[in-house]
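Asks: Sharing a structure with you now.
Protein chains in written order, with my numbering: chain A, 1 to 225; chain X, 1 to 455.
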């Protein structure tokens, strides 16, 4: 899978390329917005890692140009500006995700994979936490490589939580995911599904924990010993 | 003189003085002119009377001077109240003929001094005014005097003069006042571009330094001021831009090397010391972020129209910080009624304030305890931890930049609470700290509530 990095700091770009290569990606490195746009029109990349501070113009203009072309390419923006209005500007201009420097390589790879796993994108790898694995392609959960049978609602909740590994999923997001626009959701329905899923997972020996963040939502993580 | 600031009131003030002076001077001048004119009319009338009396003078056979007035003229001089009078004076100054009962001259002045003289005299209640003309009969000169009693009730000319003040004099005042009104209207019109320019100038602020005053229609007298003002704005604009660019550049220059360092460590073959180094870089990155936040806040001004949903900002922060809290063995909870709470402010800044409070609370609450966030409808957010609390001496200190209770403790920059305080200050809100009765600290931030934005 080929990833393009457009970052004017050669040192950082090369280090990122090295890191991504060891994570199994093919990487091209370019240092200007113009070169980047040229390369993107010739090569079909799986994703773009874009620095916002480029010598020949703002990375935001590259973003706008790509979105203007209706390019569905996942774009992960890197920026040194963590300022009050920068985040909003970046996301509104069409970035799929946003990382403020300095960031851990692990974090970059995780965010990149989250983007590549989106519907319509290439990556379909199984999601894994502890001994629990979930394969989004056939929506199959396994614990210690043993396939598990869960109800469709429980599967839907698990899928959403696993896809958002490391982040809190709001109750509203769970509702939308399970019920869509069909409306009428009993006020405690989500709690009930999460409770059942939690019970099922712990009974079957999954070393994961579904945390309830009161007033906010749910978060799945590895069980602490 | 009292200082009058507005041009318009100066004009009105001076104009009122001008109107007063003008109406007085004009009345006096007009009445003087009227007096002169009436005097002329009177003198001409007297002269013609004297001439007509002189025409009827003759010398009879015995050499005596005789006057045979036609009946209509006789009637004129025989009025009981003696309005008109005449007398004929000879060479020796004797009154030969006189319409006055006592046969005296009308005027005591020497009548021979001039051909036509304008004379005045007082006789009892009467104020005589008239002329004297010379007439030669049989080689002898005579002077014919004709006079009118000006004190007589039938004299209309004086009445006209007296009426002038009442009738004509007061007419000038409204005319001058009307003129004043017109002047004010003209000035208002001339000053309108200035008024418009000042309306535009009201919108100039640190967040809108791009506004310039319009020069079209500005009177040329004021134009230098407007031009100078616009040039001053250019310089200010540049100053603000330099400040903003510096913050952005500094961020880039500081964070990119940190990023290189992180990535270099991440790609090291020997990962044994990597975790410790990563932590060091993370706290340094955090410090850089906090410093930049402070630099940015110092130059930041909140738009008057900016409004934010306090609940949403808080929920977002809790959502994003929950994994960190759980990782450190702390729980986190948000209490609200699910309804948006709209306040005046910038949502990104609110997030920054809540995030800093949250980080502070997670750091101080003991492992296994909960940090609670509550949102109230009046625009207040409370963050409650179960930590050691804050002593009275520390109340002020905690908001100081770089203050830390335990300087050996890593992870804290000592900047978080000063950022919170600065943000609350920019929002014209209030910040309160108190110790909870059952232990722990409660920070409460109150903001200015606004109506929800119309959809």
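All C-beta atoms, glycine included, are put in the ideal place defined by N, C-alpha and C.
Just verifying my parser: in three-state terms, what is the DSSP assignment at residue 302/X?
Replies: If DSSP states are grouped into helix, strand and coil, residue 302/X belongs with coil.
Asks: Excluding the five sequence neighbours on either side, which residues of its own chain have a C-beta within less than 8 angstroms of the C-beta of residue 169/A, listed in chain order?
Replies: Counting only Cβ-Cβ distances below 8 angstroms, and skipping sequence neighbours, we find 160, 161, 217, 218, 219.
Asks: Which first and last residues belong to the alpha helix (DSSP H) in which residue 450/X is found?
Replies: Per DSSP, residue 450/X belongs to no alpha helix (DSSP H) and is neither H nor E.
Asks: Quick one: give me the first and last residue of the beta strand (DSSP E) that residue 239/X is part of.
Replies: Segment 223-266 is the alpha helix (DSSP H) holding residue 239/X; no beta strand (DSSP E) there.
Asks: Anything in chain A within Cβ reach of residue 427/X, meaning under 7 angstroms, just list it in chain order.
Replies: Within chain A, no residue comes near residue 427/X; the closest Cβ sits about 13 angstroms away, beyond 7 angstroms.
Asks: Checking contacts by CB at 9 angstroms: is residue 104/A closer than that to chain X?
Replies: With 9 angstroms as the cut-off, residue 104/A counts as an interface residue toward chain X.
Asks: Work out the CA separation of residue 139/X and residue 115/X for me, nearest whole Å.
Replies: Legend: pLDDT at residue 115/X = 49, less than 50; position of this residue unreliable, no value from coordinates given.
Asks: Suppose you measure from the CA of residue 284/X to the CA of residue 101/A; what does that come to, to the nearest Å?
Replies: C-alpha separation (whole angstroms): 11 angstroms.
Asks: If you pair each beta-carbon of the segment 394-401 of chain X with each one of the segment 413-423 of chain X, do three or more pairs fall below 8 angstroms?
Replies: Taking 8 angstroms as the limit for Cβ pairs, the verdict is that the segment 413-423 of chain X does touch the segment 394-401 of chain X.
Asks: Name the residues in the segment 3-20 of chain A whose C-beta lies less than 8 angstroms from a C-beta of chain X; which are they?
Replies: If the cut-off is 8 angstroms between Cβ atoms, the segment 3-20 of chain A has 9, 11, 12, 15, 16, 18, 19 near chain X.
Asks: Which residues of chain X have a Cβ atom closer than 8 angstroms to the Cβ of residue 22/A, listed in chain order?
Replies: Those are 267, listed as they occur along chain X.
Asks: Taking only beta-carbon atoms, is residue 215/A less than 9 angstroms away from chain X?
Replies: Judged by the 9 angstroms Cβ criterion, residue 215/A is in contact with chain X.
Asks: For a cutoff of 9 angstroms on Cβ pairs, would you count residue 174/A as touching chain X?
Replies: Chain X, which has no Cβ nearer than 9 angstroms to the Cβ of residue 174/A, makes this no.
Asks: Go to residue 219/A, then tell me how far its alpha helix (DSSP H) extends in each direction, as first and last residue.
Replies: That residue, residue 219/A, is in no alpha helix (DSSP H); its beta strand (DSSP E) goes 217-222.
Asks: For residue 281/X, which residues in chain A fall below 8 angstroms Cβ to Cβ?
Replies: Result: 102.
Asks: Nearest to residue 10/A by alpha carbon, out of 61/X, 263/X, 16/X?
Replies: It is 263/X whose Cα lies nearest to the Cα of residue 10/A.
Asks: Measuring CA to CA, which of 69/X, 382/X, 21/X is closest to residue 55/X?
Replies: Selected option, being the one with the closest Cα: 69/X.
Asks: Classify residue 7/A as buried or exposed, calling it buried when 16 or more other Cβ atoms lie within 10 Å of its own Cβ.
Replies: Result: buried.
Asks: Show which residues of chain A have a CB atom less than 8 angstroms away from the CB atom of residue 336/X.
Replies: Chain A residues near residue 336/X: 215.
Asks: Mind checking who residue 439/X pairs with in its DSSP beta bridge?
Replies: BP columns for residue 439/X are empty, so no partner.
Asks: Using beta-carbon positions only, say whether residue 193/A and residue 133/A come within less than 9 angstroms of one another.
Replies: No, these two residues do not count as a Cβ contact at 9 angstroms.
Asks: Look up residue 159/A in the DSSP assignment and say whether it is helix, strand or coil.
Replies: Looking at residue 159/A - three-state DSSP - the assignment turns out to be helix.
Asks: Report yes or no: is there a C-beta of chain A within less than 9 angstroms of the C-beta of residue 261/X?
Replies: Output row for residue 261/X: interface = yes.
Asks: Along the segment 152-179 of chain A, what residues have a CB closer than 7 angstroms to any CB found in chain X?
Replies: Here the close residues are 166, 167, 168, 170.
Asks: Please state whether DSSP places residue 306/A in a helix, a strand or coil.
Replies: Shown here, chain A extends from 1 to 225; a query on residue 306/A therefore has no answer.
Asks: For a test of the three-state rule: what should DSSP assign to residue 376/X, helix, strand or coil?
Replies: Here residue 376/X sits in strand by DSSP.
Asks: Leaving out five residues on either side along the sequence, give the residues of the same chain with a beta carbon under 8 angstroms from the beta carbon of residue 22/X.
Replies: Cβ within range, chain order: 172, 176.
Asks: Any contact between the segment 213-225 of chain X and the segment 248-255 of chain X? By contact I mean 3 or more CB pairs, one from each, below 8 angstroms.
Replies: The answer is no - the segment 248-255 of chain X does not touch the segment 213-225 of chain X, with fewer than three Cβ pairs under 8 angstroms.
Asks: In three-state DSSP terms, what is residue 95/X?
Replies: Residue 95/X: strand per DSSP, three-state reduction.
Asks: Mind checking residue 43/A: buried by the 16 CB within 10 Å criterion, or exposed?
Replies: With fewer than 16 Cβ atoms within 10 Å of its Cβ, residue 43/A is classed as exposed.
Asks: Please state if the CB of residue 76/A and the CB of residue 19/A are separated by a distance shorter than 9 angstroms.
Replies: Taking 9 angstroms as the Cβ cut-off, residue 19/A and residue 76/A do not qualify as a contacting pair.
Asks: If I measure Cβ to Cβ from residue 20/X and keep anything under 6 angstroms in the same chain, skipping five residues before and after, which residues do I get?
Replies: Closer than 6 angstroms at Cβ, skipping near neighbours: no residue.
Asks: Please confirm whether residue 62/X and residue 142/X have their CB atoms less than 9 angstroms apart.
Replies: Taking 9 angstroms as the Cβ cut-off, residue 62/X and residue 142/X do not qualify as a contacting pair.
Asks: What distance in whole Å lies between the Cβ atoms of residue 310/X and residue 447/X, which are believed to be in contact at a cut-off of 8 angstroms?
Replies: Their Cβ separation, rounded to whole angstroms, is 6 angstroms, which keeps residue 447/X and residue 310/X in contact under 8 angstroms.
Asks: Quick check on residue 36/A - is its C-beta less than 9 angstroms from some C-beta in chain X?
Replies: It does not: the Cβ of residue 36/A has no partner Cβ on chain X nearer than 9 angstroms.
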